[in-house]
Structure formats: structure tokens, C-alpha cells
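Following: one structure in C-alpha cells, then a few remarks.
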Amino acid sequence: MNPSTLIGFVLGLITVILVLVFSAINSWAYLNLPGLIIVIGGTLAALFISYPMREVLRIPHLLGAIFRSDKLDTQRDIDELSGLAQLWMNEDVHKAEEALKKVTNPFLRTGVQLIINHTPEEQIIELLQWRIARLRAREHAESQMFRTMASFAPAFGMLGTLIGLVSLMTVLGTGGMDLIGHHLSIALMATFYGLLLSNLICKPIAVKLERRTEQRVVLLNMIMQGVSMMCERRGPALVRETLNSFMLHVEDEIYDGGPVTPPVRRARRQRAPSLKVTGRP
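Numbering-wise (the numbering used here), the sequence shown opens with residue 1 and increments by one.
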């Protein structure tokens, strides 16, 4: 379970509930089924019109992905690449093939298998770059579905508002206050539901999926760099350090957590030593 996703949804739900409980005389007034049907039904209808069926049917899988804790095991991939680089540098092809069977990352396995098959480095890199571009395009389209829903939901909320206002105008002269209040609630709550669906659900899910794609692309680029270094028969130590640099933060290049010499003391240490006069010339 991804804790940040769960915390975000629970915190958003609690915030909305607390606001409704403490600000409304009757909290049930915020439950309006016609407005909810207009927003959710209209958004889903527009989504089915905009996207093919096979992509829309992936929404449950994508919702499960944001709740799963898909921690990328980069250290395992670095260890496997370093070990394979050692075997390839030693020209131990048989052991490299045996070790390759235990690799679980298909992207890494494809790149190393092409090296073992003596494929030119330019062709290997071209193939791996194409696979990265394909993954980025597919996952961008998946996150874009939620951004599309985020743009549809407020629009259908405004549509519900217009429907409620038109209904309100028809009963304004003849209807009682209960009937007027019913149509007015539809007009207002439809906009409320549209904004809530857009900004609390659809947009955060899209951002989460985009961030997930960025992390996966960084990992694939790291593996591609390791495959390129294997083609050049670089040493495993250099391969490991190079791949670890992909996972470092910027601040790690500035300060690694070691002891820091105070500025004043450091300045004193850098000052030239004074000359002592031991005698007269």
C-alpha cells in the first residue's frame, strides 16, 4: 500500500466532512443525487467518447497502481549489471548467459542478451531508446485520461448548474419555497461536485501517474547506460559508481553528511604561519 496516496485521500475526505459538519445546519443538504449523476455520468460519457474502449478499461488497473507501493529495486538492477559487466569483461559468456536467466527486469535482460549476441552498440541503444519512448508515450496517455476527466468534471458541473437554474425559472412564480430550494440545490451542488471530482481525485491521480512514469524512465535510462558501458567492456567498479550517480540527489554532490570545518577555523588553517625571529641579523 502506498502510504502517501492513502493519507492524501483520507485527509481530503476528512477535510470535506469536517467542513460540512461544522459549516452546515443540515449536512445532508450537500447530498444531491441529480447533481451527482449529471457530473459523474457526463464525465464518464465524455471519457468513453474521447478514448477507445481498451484504454478506458485500464482505469481500474491504474487506480490500483497509485495505491500499490511500487518501489523500484534500483540496487538490485545495479548489482546485476555490475556482476554481468564483470563476467562480460572476463569474456565468460557461458556464466553471463546463466546469470542472465536469473534477471527479472525484462529491459535489462533484453539489453544484455543483445550484447551476448554481438549486436552493435548503436543498434542496442536505438532499440532501448525506442522502448523507453514507447513506455513514456503509453503512460503519458494513461495519465492524460485523468487530466481529461479533470477538465470535463467542472464543465458538467456548470451544465448541472444551468439545468438547475432553468428548472428554477419555470417554478419561480408558481412553486413553493421547498420546490425552489430543490432546484437551487441542484444548480449549486453540481458545480460543487464537479470541482471536487476534478481537484481532489482526477488531477492528483494524474500527477501521481506522471511522477511514477518519471521514476521508471530514470531507471530505464540508468540500465541503458549500464548496457552501453558493458558494450565497451568497462570495469564493474566503474559501472557501479556510474549507475549509482543516477540515483543521487543534487545535494549529495555538494555535501555528503561528513564533518564540516567551521568557516573561521578553516580560514585560520589556510592562513600562512607567522615567522619567528630567533636572533638579530
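A virtual CB, placed ideally from N, CA and C, is assigned to each residue, including glycine.
The three-state reading of DSSP puts T15 in helix, counting H, G and I together.
Spatial neighbours of H61 in its own chain (CB-CB distance under 7 Å, excluding positions within 5 residues in sequence) are not present. G111 sits in a helix when the DSSP states are folded into three classes. Approximately 11 Å separates the beta-carbon atoms of M230 and T242; this is outside 8 Å, ruling out the contact.
Of all alpha-carbon atoms in C202, L128, A65, the one lying nearest the alpha-carbon of I223 is that of L128. By the Cβ test, the region 200-210 is in contact with the region 136-154, since at least three Cβ pairs between them sit closer than 8 Å.
Rounded to the nearest angstrom, the gap between the Cα atoms of I78 and A237 is 11 Å. In the three-state scheme derived from DSSP, where H, G and I count as helix and E and B as strand, L72 is classed as coil. Leaving aside the five residues that flank I40 on each side, the residues in its chain whose CB is nearer than 8 Å to its CB run, in chain order, Y193, L197. DSSP places L57 in the coil class of the three-state scheme, outside both helix and strand. Counting the other CB atoms within 10 Å of its CB gives G35 a total of 16 or more, which places it among the buried residues. Between the region 41-56 and the region 137-151, the count of Cβ pairs shorter than 8 Å is three or higher; the stretches touch. Beta-carbon to beta-carbon, V93 and I124 are separated by about 16 Å, too far to satisfy the 8 Å threshold.
Only residues of its own chain outside the window of five on either side were considered, and among them G164, L168 have a CB closer than 7 Å to the CB of L184, listed in chain order. Annotation for I37: no residue places its beta carbon closer than 8 Å to its own, counting only its chain and skipping 5 residues before and after. Around the CB of G181, fewer than 16 other CB atoms lie within 10 Å, so the residue is classed as exposed.
Taken atom to atom, the span from the alpha-carbon of I59 to that of P52 is near 12 Å.
If you draw a straight line from the Cα of R109 to the Cα of A85, it comes to about 13 Å. Counting other Cβ atoms within 10 Å of its Cβ, I25 stays below 16 and is therefore classed as exposed. From the listed residues T74, V112, E142, the smallest Cα separation to L57 is found for E142.
The residues S27, in chain order, have a CB closer than 7 Å to that of V21 in the same chain once the five nearest residues on each side in sequence are set aside.
Remark: C-beta atoms of F107 and R131 approach each other more closely than 8 Å. Here M177 is exposed, its C-beta having fewer than 16 other C-beta atoms within 10 Å. When F9, L13, Y30 are compared, the shortest CA-CA separation from A190 is found for Y30. Taking C-beta separations shorter than 8 Å and ignoring five residues to either side along the sequence, the partners of L220 in its chain run F107, L128, R131, I132, L135, following chain order. Counting C-beta atoms within 10 angstroms of its own C-beta, S82 has 16 or more neighbours from the protein chains shown and is therefore classed as buried.
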